[in-house]
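Peer 1: In full-length UniProt numbering, the protein residues as written are 1 to 530. Think of the CB as a built atom: it goes at the ideal place given N, C-alpha and C, for glycine as much as any other residue. Quick caveat, the model's predicted, so the values are computed rather than measured. Structure incoming, see below.
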């Protein structure tokens, strides 16, 4: 129940120093707690480790050695205020008890479903039961209502214990998420302390820069933009939590840097930045990009790495001037279907550290693409027409692990490819066309169960691999040519024999017709003697 120091080092350290947690409190009995005592639970509580409850333990000393600002009373006070919700939830869970085991939860859910099913059956029988002839209609309805209420109360009483188990499990699940969020908050507070931030009375003051001044800076930018032609704005690392809609009215803006803030939403008014060429949204808390981003027709560079994006809006395909797109280190599971058909000028695409399982077939139409980084995804393969990316020079497909097992035969058409990283996958054989990659100078295939080319060839380096695969490709071409010649020869021989057989059949048929035709009457003049 206490945060594990290995997973939540700062949180564990701070909670062990909260005075309110040093003594036990007698909390009032809650409905869940009372219900839990009415039913047997096979839980397996894990006792807290000594390091998580002993402030003087070696692990706590070690973290202070590595993070000396934790000994600052002001920093510790700020952290304590930031985790008040965690300490309160922990106190409640201390009263309710340890998390029930998985089997107990499953059994409880099954019993809840069974009780509901049994109740439904009883109510159905009750509704369909005939009214006795000697019972008045109104009296019968009142009797049915009483029995229904009795059935429902009985079922609810039977469900209380099982519902308590399920609810307790859900509380513990929510508590785990709370721990993760709290640890992230504490990390940010510590980073602020390292940057010279002094936390006092819930107000953040920074040397030469305060939150009020941040707000004033934003207002000042908007005021300046209203009077002059402002083309560049850098608000990186200003702890911004929202961007005013008025930013969309800075028509002449060419570059906007909003990286390293706490933005959760980008306003739709950003569509008003018609001349914008470079937009940096990296390292924020964005869960989505606005659909209006497709209105940025002049946008050339878009960076949105290090956010919480689960998908890109289809409208991003309308940013046809895009040259560089970086959406790495997010939670993407797919790319827009038409991304390749629309982004014809895209030269650099960074999608690493996501959860993408497959690339859309339209990716093969990114004819201007020179750089593609897709490592640390869940790619199961590449589109069959991947070889159409003939301008591609750098390709990183490493660490897709058990998902990536083969490359398409068109891979050899990537004739401009210079650097290729296929490490840490499950590729058994390079495609037969691999020997055609004449410009390849850097190759990494470590961590693959490669059979073709053999390991001894791989150890000799990229040139040896290219020569081996080129020879293999040549042998394949020679063998195909030989088979083709044999097929042509067989067709010619078959054709001569067919023509001869046909002529013979025609001749025999003519003779047969002559012999088999009925004889005409003999001319009597031929029988006269001379």
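On a Cα-Cα basis, can you pick out the residue from 79, 134, 246 that is closest to residue 181?
Peer 2: Of the candidates 79, 134, 246, the one whose C-alpha sits nearest the C-alpha of residue 181 is 79.
Peer 1: For residue 220, does the count of other Cβ atoms within 10 angstroms reach 16, so buried, or fall short, so exposed?
Peer 2: By the neighbour-count rule (16 or more Cβ atoms within 10 Å), residue 220 is not buried but exposed.
Peer 1: On a CA-only basis, which of 113, 444, 284, 82 is nearest residue 243? Give me that one, please.
Peer 2: When only C-alpha atoms are compared, the closest one is 284.
Peer 1: Would you please state the rounded distance, in angstroms, between the beta carbons of residue 414 and residue 387? I believe it to be under 8 Å.
Peer 2: Between residue 387 and residue 414 the Cβ distance is about 6 Å, and since that is below 8 Å, they are a contact.
Peer 1: Which residue from 151, 126, 152 puts its Cα closest to that of residue 140?
Peer 2: Of the listed residues, the one whose Cα sits closest to residue 140 is 126.
Peer 1: Taking its Cβ as the centre, do 16 or more other Cβ atoms sit within 10 Å of residue 488, making it buried, or is it exposed?
Peer 2: Exposed: under 16 other Cβ atoms inside 10 Å.
Peer 1: Measuring CA to CA, which of 237, 438, 288, 451 is closest to residue 462?
Peer 2: For residue 462, the nearest C-alpha among the options comes from 438.
Peer 1: Note down the Cα distance separating residue 3 from residue 167, rounded to an integer number of angstroms.
Peer 2: Looking at the two C-alpha atoms, the distance is approximately 20 Å.
Peer 1: Is the distance from the Cβ of residue 384 to the Cβ of residue 408 below 8 Å?
Peer 2: Yes, Cβ-Cβ distance for residue 384 and residue 408 is below 8 Å.
Peer 1: Sorted by chain position, which residues of the same chain lie with C-beta nearer than 6 Å to residue 245's C-beta, five sequence neighbours on each side aside?
Peer 2: Here the set comprises 267, 269.
Peer 1: By the three-class DSSP mapping on this structure, what secondary structure does residue 397 have?
Peer 2: In this structure, residue 397 counts as coil in the three-state DSSP scheme.
Peer 1: Report all residues from its chain with a CB closer than 8 Å to the CB of residue 240; omit the five preceding and five following residues, and keep chain order.
Peer 2: The answer, listed in chain order, is 214, 218, 258, 261, 262, 263.
Peer 1: I believe residue 289 touches residue 276 by the beta-carbon criterion, under 8 Å. Please report the beta-carbon distance rounded to the nearest angstrom.
Peer 2: About 14 Å; that fails the 8 Å criterion.
Peer 1: Would you kindly work out how many angstroms separate the C-alpha atoms of residue 436 and residue 302, rounded to a whole number?
Peer 2: Rounded to whole angstroms, residue 436 to residue 302 spans 34 Å at the Cα level.
Peer 1: Since residue 13 contacts residue 89 with CB under 8 Å, what's their CB separation in whole angstroms?
Peer 2: Not quite, the Cβ-Cβ distance comes to about 18 Å (not below 8 Å), so this is no contact.
Peer 1: Assign residue 301 to one of three DSSP states: helix, strand, or coil.
Peer 2: In this structure, residue 301 counts as strand in the three-state DSSP scheme.
Peer 1: Can you list, in chain order, the residues of its chain with a C-beta nearer than 7 Å to that of residue 232? Leave out the 5 residues immediately preceding and following it.
Peer 2: 254, 255.
Peer 1: Can you tell me whether residue 67 is helix, strand or coil according to DSSP?
Peer 2: It is coil, neither helix nor strand.
Peer 1: Starting from residue 13, follow the alpha helix (DSSP H) in both directions and report where the run begins and ends.
Peer 2: Run containing residue 13: 9–15, per the alpha helix (DSSP H) assignment.
Peer 1: Starting from residue 76, trace the alpha helix (DSSP H) in both directions and tell me its first and last residue.
Peer 2: Note, residue 76: alpha helix (DSSP H), 73–82.
Peer 1: Taking the straight line between their C-alpha atoms, what separation do you get for residue 359 and residue 66?
Peer 2: Their backbone Cα atoms lie some 42 Å apart in a straight line.
Peer 1: Return the first residue and the last residue of the beta strand (DSSP E) that residue 233 is part of.
Peer 2: Per DSSP, residue 233 belongs to the beta strand (DSSP E) from 232–234.
Peer 1: Along the chain, which unbroken stretches of the beta strand (DSSP E) at least 3 residues long are found entirely within the stretch 284–370?
Peer 2: Entirely contained in the stretch 284–370, the beta strand (DSSP E) runs reaching 3 residues are, in chain order, 301–303, 324–326, 348–350.
Peer 1: Assuming residue 10 and residue 186 form a contact by the criterion Cβ under 8 Å, report the distance between their Cβ atoms to the nearest whole angstrom.
Peer 2: About 4 Å separates the two Cβ atoms, so the contact holds.
Peer 1: Determine whether the beta carbon atoms of residue 282 and residue 304 lie at a separation below 8 Å.
Peer 2: Yes, the Cβ-Cβ distance between residue 282 and residue 304 is below 8 Å.
Peer 1: What is the rounded straight-line gap between the Cα of residue 484 and the Cα of residue 474?
Peer 2: Approximately 15 Å between the Cα atoms of the pair.
Peer 1: I'd like to confirm the pairing. Which residues does DSSP put opposite residue 278 in its beta bridges?
Peer 2: Its beta-bridge partners are 255, 301.
Peer 1: Throw me the rounded Cβ distance for the residue 422 and residue 440 pair, which I believe falls under 8 Å.
Peer 2: Wrong, their Cβ atoms sit about 12 Å apart, outside the cutoff.
Peer 1: With which residues is residue 429 paired in a DSSP beta bridge?
Peer 2: Residue 429 is bridged to 452.
Peer 1: Of all the options 249, 16, 306, 236, which has the alpha carbon lying nearest to the alpha carbon of residue 229?
Peer 2: Ranking 249, 16, 306, 236 by Cα distance to residue 229 puts 249 first.
Peer 1: Relative to the alpha-carbon of residue 183, which residue among 100, 169, 340, 8 has its alpha-carbon at the smallest distance?
Peer 2: For residue 183, the nearest C-alpha among the options comes from 8.
Peer 1: Suppose the cutoff is 6 Å on Cβ atoms and the five residues either side in sequence are ignored; what does the same chain contact list for residue 442 look like?
Peer 2: Closer than 6 Å at Cβ, skipping near neighbours: 419.
Peer 1: Give the straight-line distance between the Cα atoms of residue 490 and residue 471, rounded to the nearest whole angstrom.
Peer 2: One C-alpha to the other measures close to 28 Å.
Peer 1: At least one CB of chain C closer than 8 Å to the CB of residue 437: is that the case?
Peer 2: The structure shown contains no chain C; it holds only a single protein chain.
Peer 1: For the beta strand (DSSP E) containing residue 420, name the first residue and the last one.
Peer 2: 419–421 is the extent of the beta strand (DSSP E) around residue 420.
Peer 1: Taking Cβ to Cβ, would you say residue 310 is nearer than 8 Å to residue 287?
Peer 2: Yes, the pair counts as a contact, with Cβ atoms nearer than the cut-off.
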